[in-house]
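Numbering (this note's numbering), first residue to last: 15 to 325. What follows is a set of notes on a single structure, which appears directly below.
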């Protein structure tokens with residue numbers, strides 16, 4: 015049996031008046047969800063332990079944008095829409111045997127596209143929400159795979175053995191410049207266009223989520239976060255805090271938020287930490303983490319290999 019221990023929190027930070035971030039923890043077979051609900055000034059960590067069957071669990075972070083309440087509305091619509099897509103599935107709907115292992119990631123991908131349609135439509139029909147959008151980065155965990163679906167620049171990190179890997183790549187202009195070798199990675203931190211992202215839910219009528227997959231290992235720890243954390247804290251500090259609290263990940267989540275606030279807290283801060291354990295999982299090693307890049311239009315026939323970056 016696979017066990018996922020999860021701890022999630024979202025904090026307004028020290029500068030913003032409201033919190034436009036949100037998170038989602040969804041146990042699919044139980045149709046139970048947990049989302050961010052705390053008021054400004056509160057600091058609550060939502061902790062759950064999930065027994066994972068083939069239906070899996072979904073963890074996600076969404077960072078809203080758009081001014082006034084629009085960003086808050088967009089991120090809330092994102093997590094609620096994705097949650098409904100799973101909960102409202104027809105239980106009698108049959109899945110072809112060759113598609114069974116891809117049911118979660120296919121649903122997650124479709125739900126992300128559907129969320130984009132809803133947010134985009136709301137922004138076009140209601141002037142007060144014009145131009146609103148949200149990032150959306152999610153993992154779907156089953157006993158055999160960890161699937162990723164990403165739109166925007168909210169990140170997923172993996173702690174495996176004594177290494178930390180960034181397993182998502184920001185869909186941002188500065189990341190595009192890094193890939194084109196026009197700037198160095200260290201220049202991105204202070205680049206004038208650092209906050210320009212290339213995709214967001216609701217910003218365009220069509221989106222192209224990035225989807226990937228890798229195999230879980232014993233005691234893998236996933237960290238999902240909005241850029242309110244990753245802009246303030248280095249991967250080395252993340253690793254130090256998590257490895258110092260391996261048996262108390264809720265403390266690690268609290269310390270990550272506290273450090274981000276100490277370093278300015280210029281944005282909302284959202285964190286999910288999730289540890290994966292199971293008798294049938296292979297032991298972690300310090301080798302490469304192989305990512306299978308998925309083409310959800312033809313998931314079985316088109317898949318490229320990539321390697322997560324050791325930080």
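Even glycine gets a Cβ: it sits at the ideal position worked out from N, Cα and C.
- Residue 57 carries a coil assignment under DSSP once its states are collapsed to helix, strand and coil.
- For residue 41, the beta-bridge partners assigned by DSSP are 46 and 71.
- With 16 or more other CB atoms across the displayed protein chains lying within 10 angstroms of its CB, residue 322 is buried.
- Fully enclosed beta strand (DSSP E) runs of no fewer than 3 residues occupy 150–155, 160–165, 169–174 and 177–180 of the segment 127–206, in order along the chain.
- The segment 62–75 and the segment 144–159 touch, with three or more beta-carbon pairs separated by less than 8 Å.
- Bounds of the beta strand (DSSP E) holding residue 292 are 283–292.
- The C-beta distance from residue 161 to residue 122 rounds to 7 Å, short enough to meet the 8 Å contact threshold.
- DSSP, reduced to helix, strand and coil, places residue 307 within a strand of the structure shown.
- Contact check for residue 308 against residue 227 passes: the beta carbons are separated by less than 8 Å.
- Nearest C-alpha to residue 257 among 98, 236, 196 and 139: 236.
- Check the Cα spacing between residue 207 and each of 39, 186, 224 and 139: the tightest is with 186.
- Per DSSP, the continuous alpha helix (DSSP H) segment holding residue 241 begins and ends at 241–244.
- Per DSSP, the continuous beta strand (DSSP E) segment holding residue 17 begins and ends at 16–25.
- Between the alpha carbons of residue 91 and residue 39 lies a gap of roughly 15 Å.
- Per DSSP, the continuous beta strand (DSSP E) segment holding residue 224 begins and ends at 224–228.
- For residue 32, the three-state secondary structure derived from DSSP is coil.
- For residue 255, the enclosing alpha helix (DSSP H) has its first and last residue at 249–257.
- Its chain contains 67 and 69 as the residues whose beta carbon lies nearer than 7 Å to that of residue 43, once the 5 sequence neighbours on both sides are disregarded; these appear in chain order.
- Selection 62, 20 and 78 evaluated against residue 241 yields 78 as nearest (Cα-Cα).
- With contacts defined by Cβ atoms closer than 8 Å, residue 86 and residue 131 do not form a contacting pair.
- Counting along the chain, residue 211 sits inside no alpha helix (DSSP H), nor does DSSP assign it H or E at all.
- Residues of the same chain with a CB within less than 6 Å of the CB of residue 181, apart from the 5 flanking positions on each side, are 170, 172 and 322 in chain order.
- According to the DSSP assignment, residue 101 belongs to the alpha helix (DSSP H) that extends over 84–101.
- Looking at the DSSP output, residue 320 bridges to 305.
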